[in-house]
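If you read the sequences in order, they're chains V and X.
Quick note: my numbering has the first sequence finishing at residue 251, numbered continuously throughout.
Quick note: my numbering has the second sequence finishing at residue 1364, numbered continuously throughout.
One structure is given below, encoded as C-alpha cells.
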Amino acid sequence: MLDKNNQQDVVISLHDVDKWYGEFHVLKNINLNVKKGEKIVICGPSGSGKSTLIRCINHLEEHQKGDIEVAGTLLTDDLKQIELVRSEVGMCFQHFNLFPHLTVLENCTLAPIWVKKMPKKEAEKLAMEYLNRVQIAEQAHKYPGQLSGGQQQRVAIARSLCMQPQVMLFDEPTSALDPEMVREVLDVMVELANGGITMICVSHEMGFAREVADRVIFMDAGEIIEQNTPEEFFSNPQYDRTKQFLQQIIH
Amino acid sequence: MDQFNFSPSQPPPSNTIGAAAWLRKHLFSNVNNSIITVVLFVFLLSSLWSIFQWGFWNADWVGSTRADCSREAACWVFIQVRFEQFMFGFYPEEESWRPTLFFASLVVFVLWLFIEKIPYKKYALVFVLVPYPLLATALLYGGVASLPVVDTHAWGGLLVTLIIALIGMLVSLPLGIMLALGRRSQMPIVRSLSTVYIEFWRGVPLITVLFMASVMLPLFFTGDFDVDKLLRALIGVVLFNSAYMAEAIRGGLQSISKGQYEAGEALGLSYWRLHRLIILPQALKICIPSIVNTFIALLKDTSLVLIIGMFDVLGIATAANSDPEWLGFSTESFIFAALIFWIMCFGMSRYSLRLENKLNTGHR
C-alpha cells in the first residue's frame, strides 16, 4: 500500500476512502498522503465534504470503505486505536468549542493531566508555554465566556498544542470571526506552520494558503478535483470547476 | 485631520431616579393605577394586621394544659406540648437524646458542606456518604453499644420526613445520572432497559408504589426475612424518584452542544472521562432548577407514607388533631406542619439560586 521509501515520511494516508451519510455519498474515492511537516490547505464550496474529510482523520466521523492510517496506526472501530490516533492529532473547530466551565488554563491542562497522566504542575508549565506562544498568557485565569472570538480561537489552538500532537487539523478556524480578529488567529497559524508542524487546514483564506501551504487541494461533491502547489493552483487551475470557484473567492 | 470631540457623560435628571420616581412610575402612574394601589394596600394591611393579631399578639404561647388556651386567638401551647412528637414521632421520651443528636449532626454536616468558607469538604463528603448513614442507623435503631432497640414503628415526625427525603435525594441523584446516560446510550440493550425503567416508574403514582412496597414486598420474601417498613418505603421512594431525576438530567444533557463532545473526543478523552469532566458538570449546572424542583416535590411527597402506617410531620399533625384532650386546634397544627415544610423547601430553593449564581461563569 505504501511506498517503502516514503513510509517514514508519511504521517497520514487515506486510501480509497468512501463515506456515506445514510444514502448520501459524501466522500468518494479519497486518496491522500500527507508527509511529515507538510502543510495542506483544503478549499471548496460548501457541502463538498472537506470538513467531513478531516473529521474522518481523527474518527469524529466514521468511514465505511477504505483505510485511514495515522502515525502508523490504522483507524478501525477499536476504541484503543481511536484513542491512540486522537492523542497524536489535534483539532481546532470553527466554533472554538472551549469548555465554558473551566478557566483558560484548566482548558489547556485537562487533556495532558487526564489522558497523558502528566502531573498538574508540569501540565500547567506546559500550558503556560503554549499560551505564551499564542500570546494569550495574561488571560490564563479567565473563563472562555469573558474572551473575544479571536482570543478564544487562540486558546483553542493552545489547548490542542498542549497534547503535543504530530498533526494539527483546522476546520475553518477563522470563519466565525469578524475581520479584525481573523488576522490575529492567522498570524498564530503562520507562526505554527513555520515551526515545522504537519498541518491540514480547511479554509477560505486564500492569502493564508498562498503564504504557508505546501499543497492546496480543491474538493467538490465529495471528490478531490485537483491538488497542486499554491503558485500552480492559483495561476493555472486545471479544471473549469476550479476556475469557477477561484473566481468567486478571489474577486 | 480633525480630532472628534467626544461629549462628556452626564448624570440622568433627578426626577427619573430615586424612590419617589420609582413609586410614581410603578404604583401611581395614572388615576386608575393609583386607586388600585391604594385599595390593594388597604386590603393587604388589614389582612396582615388580623393575621398578626391572631398568630402573635393575642396568641397563647406559654402553658402546659388545655386550660391555658383562651379561645380567642391561636394557641401555640398545643404545639409546644406536642413538640417532641412533631420532631421525633412516637420515639420513647427517655431515648429522645438519640434523635436530637442525629439532628444536631445533620445541622453540622449541612453547614459544613454548604457554607463556602469551611474547608475540607472532600473529607466531609466521603464521611457523609459511607460511615455516617451506618452510624446514624446504629444510633437511632439501637441494638449496639448497649443502646436499647427502638423499632422503626416508633419513629415519626420530622425524623421520618428527613430520613426519607435525604436518602431519597442522595441515592436517586447518582442513579438518575446513570439512567439518563443509559437512555442516551448507543447500545440498544442499555437504552431499552433504561427507557423501560423510567417509563414504568413514571407511570405509577407514588402512593401505589409505597402501598405495593409495603404489602407486596413481604410476599416475595418467604418466612422470617422481613424487610423493615421504613426500608421498604425508602426503596420505593428511591426507585420512583430516580426515574424523575433521570428525565430532568436528560434534559440538561440534551442542551449540551455537540461541539463539546467533539472537542473532548478530539483531545482523546474516553466516554467516562468526557462525561465526568466536561459534559456532566455543564449539564448538572443547567439542570439545577429541575433537580431542586424534584427534590422539593419529593420532600412533600414523603407525607404519603401515612398510607403504610408511618407518621411523618403531616401524619403527626393529623394524629394530634384526634387527641380528645386537644380538640379544635387543627389550624395550629397544620400551620405548624406547613411552616416546617415551607422553611425546608424555601431554604432549598434559595440555596439552589445561590449555587446557580456561584457556578455561572459567564457563558451563554
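Glycine is no exception: its CB is placed at the ideal position from the N, C-alpha and C atoms.
Under DSSP, V/T242 shares a beta bridge with no residue.
With 16 or more other CB atoms across the displayed protein chains lying within 10 angstroms of its CB, V/Q153 is buried. In the three-state scheme derived from DSSP, where H, G and I count as helix and E and B as strand, V/R215 is classed as strand. Using a Cβ distance threshold of 8 Å, V/M189 and V/G44 do not count as a contacting pair. Counted as a single uninterrupted DSSP element, the stretch harbouring V/K142 is not any beta strand (DSSP E), since DSSP gives it neither H nor E. No Cβ of chain X is located within less than 8 Å of the beta carbon of V/P173.
Counting C-beta atoms within 10 angstroms of its own C-beta, V/G72 has fewer than 16 neighbours from the protein chains shown and is therefore classed as exposed. Taking the C-beta atoms as reference points, V/E88 is found nearer than 8 Å to V/Q166. Residue state for X/L1267 is assigned as coil, using DSSP reduced to three classes.
For V/T198, the pairing in a beta bridge is given by DSSP as V/V167. Proximity of chain V to X/P1281 at the Cβ level (cut-off 8 Å) is accounted for by H101, in chain order. V/M91 belongs to the set of residues whose beta carbon lies under 8 Å from a beta carbon in chain X. For the stretch 1271-1300 of chain X, the set of residues with a beta-carbon nearer than 8 Å to any beta-carbon of chain V comprises R1273, L1277, I1278, P1281, Q1282 and K1285, in chain order. Closest option to X/R1250, judged by alpha-carbon separation, among X/R1191, X/Y1091 and X/E1262: X/R1191. Membership of V/D67 in the beta strand (DSSP E) is indicated by the continuous run K65 to V70. A distance below 8 Å separates the beta carbons of V/G37 and V/T198.
For V/S51, the nearest beta carbon of chain X is not closer than 8 Å to its own beta carbon.
Beta-bridge partners assigned by DSSP to V/V41: V/C201 and V/V216.
For the pair V/D9 and V/K35, the Cα-to-Cα distance works out to about 5 Å.
DSSP places V/F24 inside the beta strand (DSSP E), whose first and last residues are F24 to K35. Contacts between X/G1268 and chain V, judged by CB atoms closer than 8 Å, involve E83, R86, S87, A111, V115 and M163 in chain order. By the criterion of a C-beta distance shorter than 6 Å, X/G1252 is surrounded in its chain by A1283, I1286 and C1287, once the five residues flanking it on both sides are discounted. X/Q1186 and X/Y1271 have their C-alpha atoms spaced approximately 12 Å apart. A distance below 8 Å separates the beta carbons of V/M91 and X/A1266. The beta-carbon separation of V/D16 and V/G66, rounded to 4 Å, stays under the 8 Å limit for a contact. For the pair X/C1069 and X/F1056, the Cα-to-Cα distance works out to about 14 Å. With 16 or more other Cβ atoms from the protein chains shown falling within 10 Å of its own Cβ, X/F1329 counts as buried. Between V/T174 and V/E205, the C-beta gap is smaller than 8 Å, which places the two residues in contact.
V/Y143 and X/R1273 have their alpha carbons spaced roughly 21 Å apart. Within chain X, the residues whose beta carbon sits less than 7 Å from that of V/N97 are G1259, Q1260, E1262 and A1263, listed in sequence order. The three-state reading of DSSP puts V/N228 in strand, counting E and B together. Per DSSP, X/I1279 lies in no alpha helix (DSSP H) and is assigned neither H nor E. Contact note: V/N58 reaches chain X through A1266, using a C-beta cutoff of 7 Å and chain order. Residue pairing from DSSP leaves X/S1105 without any beta-bridge partner. Non-local beta-carbon contacts of X/S1255 in its own chain, meaning distances under 8 Å to residues more than five positions away in sequence, involve A1283 and I1286 in chain order. Within the same chain, and ignoring the five residues on either side of X/S1214 in sequence, the residues whose Cβ sits closer than 6 Å to its Cβ are R1232 and I1308.
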